[in-house]
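Taking it in order: structure first as structure tokens, then the write-up.
Protein chains: 2
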Amino acid sequence: MDTGQRRGTRVASSQSARQVNLRSVLRTLAAGEADSRASLARVTGMARPTVTRLVAELLDSGLVAEVGTGSSDGGKPPRLLAVNRSARQVVAIDLSRRPLVATLADLAGTESARHTVGGAHTAGDRLVAAVVDVVSDLAPRATAPVAGVGVATPGLVTRDGVVVEAANLGWHDLRLASILQERTGLPAWVGNDADAAALVEYGTRAGASDGLAVVRIGRGVGAGLVLAGRLHAGARAAAGEIGHLVVEPGGHPCSCGNRGCLETVISVPSIVGQAAAAAGADPAGLPWDATALRHRLGDEAVHAALQAAGTRLGAMLAHLVAIVDVTEIVLSLELEGVGEEFLETVRTTLVERLLPIDGEQIFVHLTDYGPDLILHGAHALVLAGAFGMARP
Amino acid sequence: MDTGQRRGTRVASSQSARQVNLRSVLRTLAAGEADSRASLARVTGMARPTVTRLVAELLDSGLVAEVGTGSSDGGKPPRLLAVNRSARQVVAIDLSRRPLVATLADLAGTESARHTVGGAHTAGDRLVAAVVDVVSDLAPRATAPVAGVGVATPGLVTRDGVVVEAANLGWHDLRLASILQERTGLPAWVGNDADAAALVEYGTRAGASDGLAVVRIGRGVGAGLVLAGRLHAGARAAAGEIGHLVVEPGGHPCSCGNRGCLETVISVPSIVGQAAAAAGADPAGLPWDATALRHRLGDEAVHAALQAAGTRLGAMLAHLVAIVDVTEIVLSLELEGVGEEFLETVRTTLVERLLPIDGEQIFVHLTDYGPDLILHGAHALVLAGAFGMARP
DNA sequence: GCTGATATGTTTCACACTGTAACAAAGTCT
DNA sequence: AGACTTTGTTACAGTGTGAAACATATCAGC
Numbered sequence: 005m006d007t008g009q010r011r012g013t014r015v016a017s018s019q020s021a022r023q024v025n026l027r028s029v030l031r032t033l034a035a036g037e038a039d040s041r042a043s044l045a046r047v048t049g050m051a052r053p054t055v056t057r058l059v060a061e062l063l064d065s066g067l068v069a070e071v072g073t074g075s076s077d078g079g080k081p082p083r084l085l086a087v088n089r090s091a092r093q094v095v096a097i098d099l100s101r102r103p104l105v106a107t108l109a110d111l112a113g114t115e116s117a118r119h120t121v122g123g124a125h126t127a128g129d130r131l132v133a134a135v136v137d138v139v140s141d142l143a144p145r146a147t148a149p150v151a152g153v154g155v156a157t158p159g160l161v162t163r164d165g166v167v168v169e170a171a172n173l174g175w176h177d178l179r180l181a182s183i184l185q186e187r188t189g190l191p192a193w194v195g196n197d198a199d200a201a202a203l204v205e206y207g208t209r210a211g212a213s214d215g216l217a218v219v220r221i222g223r224g225v226g227a228g229l230v231l232a233g234r235l236h237a238g239a240r241a242a243a244g245e246i247g248h249l250v251v252e253p254g255g256h257p258c259s260c261g262n263r264g265c266l267e268t269v270i271s272v273p274s275i276v277g278q279a280a281a282a283a284g285a286d287p288a289g290l291p292w293d294a295t296a297l298r299h300r301l302g303d304e305a306v307h308a309a310l311q312a313a314g315t316r317l318g319a320m321l322a323h324l325v326a327i328v329d330v331t332e333i334v335l336s337l338e339l340e341g342v343g344e345e346f347l348e349t350v351r352t353t354l355v356e357r358l359l360p361i362d363g364e365q366i367f368v369h370l371t372d373y374g375p376d377l378i379l380h381g382a383h384a385l386v387l388a389g390a391f392g393m394a395r396p
Numbered sequence: 005m006d007t008g009q010r011r012g013t014r015v016a017s018s019q020s021a022r023q024v025n026l027r028s029v030l031r032t033l034a035a036g037e038a039d040s041r042a043s044l045a046r047v048t049g050m051a052r053p054t055v056t057r058l059v060a061e062l063l064d065s066g067l068v069a070e071v072g073t074g075s076s077d078g079g080k081p082p083r084l085l086a087v088n089r090s091a092r093q094v095v096a097i098d099l100s101r102r103p104l105v106a107t108l109a110d111l112a113g114t115e116s117a118r119h120t121v122g123g124a125h126t127a128g129d130r131l132v133a134a135v136v137d138v139v140s141d142l143a144p145r146a147t148a149p150v151a152g153v154g155v156a157t158p159g160l161v162t163r164d165g166v167v168v169e170a171a172n173l174g175w176h177d178l179r180l181a182s183i184l185q186e187r188t189g190l191p192a193w194v195g196n197d198a199d200a201a202a203l204v205e206y207g208t209r210a211g212a213s214d215g216l217a218v219v220r221i222g223r224g225v226g227a228g229l230v231l232a233g234r235l236h237a238g239a240r241a242a243a244g245e246i247g248h249l250v251v252e253p254g255g256h257p258c259s260c261g262n263r264g265c266l267e268t269v270i271s272v273p274s275i276v277g278q279a280a281a282a283a284g285a286d287p288a289g290l291p292w293d294a295t296a297l298r299h300r301l302g303d304e305a306v307h308a309a310l311q312a313a314g315t316r317l318g319a320m321l322a323h324l325v326a327i328v329d330v331t332e333i334v335l336s337l338e339l340e341g342v343g344e345e346f347l348e349t350v351r352t353t354l355v356e357r358l359l360p361i362d363g364e365q366i367f368v369h370l371t372d373y374g375p376d377l378i379l380h381g382a383h384a385l386v387l388a389g390a391f392g393m394a395r396p
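Structure follows, in structure tokens:
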């Protein structure tokens with residue numbers, strides 16, 4: 005299959021057309037939009053013999069299996085097809101956490117191994133080596149062919165897997181995808197952490213017809229966008245880098261040198277800090293857990309801090325919706341114990357800031373993946389790159 | 005050629021592959037990236053015989069012509085090829101102005117006829133009829149085959165040419181592209197006015213590698229986005245509809261019922277109104293011309309109003325850049341006589357609101373097309389739809 | 001001025017893929 | 001049981017690309 009992550013003029017030959025059709029069949033099957041050769045032909049618009057041939061190749065490779073016979077509809081009963089999710093395995097790596105987390109899983113995301121490696125401050129070449137090592141360790145344990153390696157990392161990442169800038173990891177213009185491919189012999193896909201998160205949410209959220217945004221709020225703040233069914237990285241791979249957008253000129257100082265960046269208002273340390281300040285407590289060492297904070301600082305202080313953050317987030321999301329027109333927004337909040345109340349604050353502000361009709365159609369949720377969101381995103385990078393599959 | 009404006013699973017056959025390659029050749033030639041069969045083969049990656057065949061078809065259709073012989077580079081000299089911009093004509097219609105403006109022009113945009121038709125309040129079915137009429141009037145005057153009709157309209161427009169909502173024109177869920185195609189017999193492309201503007205600016209701005217935003221400021225405010233080389237319409241065709249985003253909660257009342265919408269701060273009527281208020285004058289009947297306003301209201305009042313609008317616009321653009329990461333922004337301001345000073349205010353705010361490195365790489369210009377920007381956009385809709393040509 | 005080298009453009013042919021038509025297979029309905 | 005329907009396959013024609021060889025036209029060097 006295609007190793008993905010190239011750009012530029014691509015020639016259309018009969019062979020490349022075949023790849024397109026092959027992916028189309030696999031994607032349609034994976035999405036559950038068809039379950040037999042005949043229904044595949046109807047859904048994809050291809051002729052039945054063509055589908056037969058493509059399915060034959062997928063059966064050969066093991067990616068698809070015949071799983072029984074369907075009920076007849078007045079004629080010969082169809083032979084049911086399904087993607088064999090255990091036919092390949094995937095190495096997924098989440099570099100947004102330190103130590104990094106890596107898993108070996110099948111196509112459905114069922115884990116068979118998990119590693120957490122590296123000190124909290126491993127960076128630069130040593131981090132590259134650590135990544136290569138963990139792949140070299142996990143890949144041989146696979147009980148099925150390994151489809152590839154997916155890496156989700158903070159920082160700016162181009163479509164072809166070059167980490168333009170990841171200050172915290174000490175990486176600049178690092179051709180990570182190529183390096184991994186060379187040193188591990190496996191195809192590799194590298195993406196920004198929020199982008200990867202957006203990809204996996206896009207694949208699993210029913211409502212996300214062709215657009216979705218994921219907003220990650222942890223130490224920093226970042227967003228990932230799927231627009232028109234594709235990851236949107238931006239001209240400089242900086243799309244969704246909203247953490248250091250100044251939303252309160254003259255506000256609190258930020259690590260970047262400016263004042264009033266979004267991160268100074270809605271990052272988890274900021275929220276915790278606000279709550280501590282309201283309660284007159286020392287912010288240091290406080291847990292990233294709203295329930296625990298309420299016990300220590302009192303309901304009111306925590307509530308006020310969350311209100312402030314939710315309002316600011318809602319205003320930012322209103323801008324996001326007005327500009328790119330996504331209808332699904334998924335939040336990944338590293339502050340535990342935050343629920344519906346916070347979401348309501350966000351939604352209320354969002355609606356207030358948009359035209360009434362506009363705001364009503366926007367859905368804001370919390371992610372269902374919890375802290376493993378990015379890891380699943382790394383997994384989804386491989387699915388999308390190697391098979392064109394949006395859903396796991 | 006393809007009538008464009010469809011969506012969904014598209015089958016890849018050898019014939020569709022040929023269309024892709026044919027467009028690739030034409031686009032490469034139109035962009036000036038190649039000028040002979042051999043150079044086309046190099047740039048597009050196709051084999052020389054393939055290029056010869058495709059070029060033969062383009063020569064047959066008259067779209068491309070042999071324009072001479074190039075200088076030899078140690079071998080047989082190449083036979084130079086060029087797109088024949090007078091081989092086709094295009095009907096372009098701008099519905100953002102009342103009365104509407106329609107032109108007949110060749111592919112380069114050279115006009116051979118121009119009509120302004122309809123009263124200032126023509127709407128609904130009568131406006132549809134007026135559009136059909138103007139096409140029926142212009143098309144027969146063409147001295148070359150008409151490639152199609154391009155319509156740029158305010159409101160929400162889907163990719164397949166359905167006007168979902170255009171309140172001022174009295175249109176709701178109007179399948180305008182299909183209607184025009186049926187009643188005029190010509191292929192038609194319909195797009196949002198700001199989107200069309202973005203398309204033509206994208207085609208002609210050298211700096212816009214793969215992303216660009218056009219922000220239109222007139223009676224209302226709207227933006228058009230080209231992302232990753234494609235028009236971005238959004239999930240509900242509402243991308244770039246930033247006019248009624250609330251940026252000053254509790255601010256001035258807006259026609260939409262809310263308060264503090266962006267339009268209440270930076271639309272031309274708002275700017276004029278602000279200047280009038282500062283000078284203690286009656287805003288009614290004032291001209292949309294900064295120079296004239298300075299004479300009537302004094303430098304200071306106009307300067308202050310422009311400063312306020314420029315600052316607010318800069319803040320909005322900072323959000324735009326942080327979210328979608330475009331590096332080129334083109335402004336279309338219907339207030340005459342506004343120049344570099346205003347742009348500097350916008351740029352300064354933009355840079356202040358972004359990370360220093362980020363802001364430096366963003367280019368903000370005024371459009372060079374003046375009031376005909378949207379008309380050229382409508383023209384570009386046809387070029388893009390019928391030929392896949394980004395540049396006129 | 002002739003010869004070899006070089007780049008352009010065309011012809012010929014093999015190869016790959018899709019779609020149509022016809023057919024076999026395995027059910028349902030009357 | 002026989003007609004009908006739907007599924008899946010086989011055979012073949014049509015269309016398109018690419019590789020190799022070839023014709024063509026110029027430059028460079030002797």
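Heads up: the sequence lines are chains H and F, in that order. Under this note's numbering, the first residue of the first sequence carries the number 5, and numbering increases by one thereafter. Under this note's numbering, the first residue of the second sequence carries the number 5, and numbering increases by one thereafter. Note that CB positions come from ideal geometry on N, CA and C, so glycine has one too. Model, not experiment: these values are computed from the prediction.
- Contact residues of the stretch 20-31 of chain H toward chain F are S20, A21, R22, V24, N25, S28 (C-beta to C-beta distance below 8 Å).
- Against chain F, the CB of I221/H has no partner CB under 8 Å away; the residue lies outside that interface.
- The residues R263, G264, in chain order, have a CB closer than 7 Å to that of G254/F in the same chain once the five nearest residues on each side in sequence are set aside.
- In the three-state DSSP reduction, R83/F falls in the strand class (E or B).
- V136/F has its alpha-carbon roughly 7 Å from the corresponding atom of R187/F.
- T54/F counts as buried, since at least 16 other C-beta atoms from the protein chains shown sit within 10 angstroms of its C-beta.
- Among the CB atoms of chain H, none fall inside 8 Å of the CB of L104/F.
- Under the DSSP definition of a beta bridge, I333/F partners with A217/F, V368/F.
- Excluding sequence positions up to five before and after A279/F, its CB lies within less than 7 Å of the CB of L297, L301, A305, V306, A309, all in the same chain and listed in chain order.
- For a cut-off of 8 Å, the C-beta gap from G195/H to G215/F is around 18 Å, too long to register as a contact.
- W193/F has G154/F as its beta-bridge partners, per DSSP.
- At a cut-off of 8 Å between beta carbons, I246/H contacts chain F.
- Rounded to whole angstroms, the Cβ separation of A200/H and A384/H is 6 Å, and the two are in contact under 8 Å.
- For the pair of segments examined, the stretch 344-355 of chain H was found not to touch the stretch 229-245 of chain H: the number of CB pairs separated by less than 8 Å stays below three.
- With respect to chain H, the C-beta atom of L203/F has no partner C-beta closer than 8 Å.
- Counting only runs of 3+ residues, the beta strand (DSSP E) found wholly inside the stretch 25-87 of chain F occupies 68-73, 83-87, in chain order.
- 8 Å or more divides the Cβ of G244/F from the Cβ of L190/F.
- If you check the CB distance, S336/H and I221/H come in under 8 Å.
- Assignment of L359/F by DSSP, reduced to helix, strand and coil, places it in the coil class.
- Annotation: the continuous beta strand (DSSP E) that includes S116/F extends over 115-121.
- Per DSSP, the beta bridge partners of L229/H are A217/H.
- Going by DSSP, A109/F is part of the beta strand (DSSP E) stretching over 104-110.
- Closest in C-alpha terms to A242/H, from the list L26/H, V161/H, A109/H, comes V161/H.
- The distance from the Cβ of S100/F to that of I378/F is about 5 Å, consistent with a contact at the 8 Å cut-off.
- Under the Cβ criterion of 8 Å, R240/H is counted among the residues facing chain F.
- Among the bridge pairs identified by DSSP, E169/H is matched with L160/H, H176/H.
- The residue among A133/H, V138/H, G128/H with its C-alpha nearest the C-alpha of H119/H is V138/H.
- If you draw a 10 Å sphere on the C-beta of E332/F, you find 16 or more other C-beta atoms in it, and that means buried.
- Counting the other Cβ atoms within 10 Å of the Cβ of P158/F gives 16 or more, which makes it buried.
- Bounds of any beta strand (DSSP E) do not take in V251/F, whose DSSP letter is neither H nor E.
- For the C-beta of Q365/F, the chain H residues within less than 8 Å are, from N- to C-terminus, R240.
- Taking CB atoms only, D362/H has a neighbour in chain F less than 8 Å away.
- Using beta-carbon distances, R46/H does not count as an interface residue toward chain F, since no partner is under 8 Å.
- By the neighbour-count definition (other C-beta atoms within 10 Å, threshold 16), G207/F is a buried residue.
- In the DSSP assignment, A96/H falls within the beta strand (DSSP E) that extends over 93-98.
- The beta carbons of G247/F and L266/F sit closer together than 8 Å.
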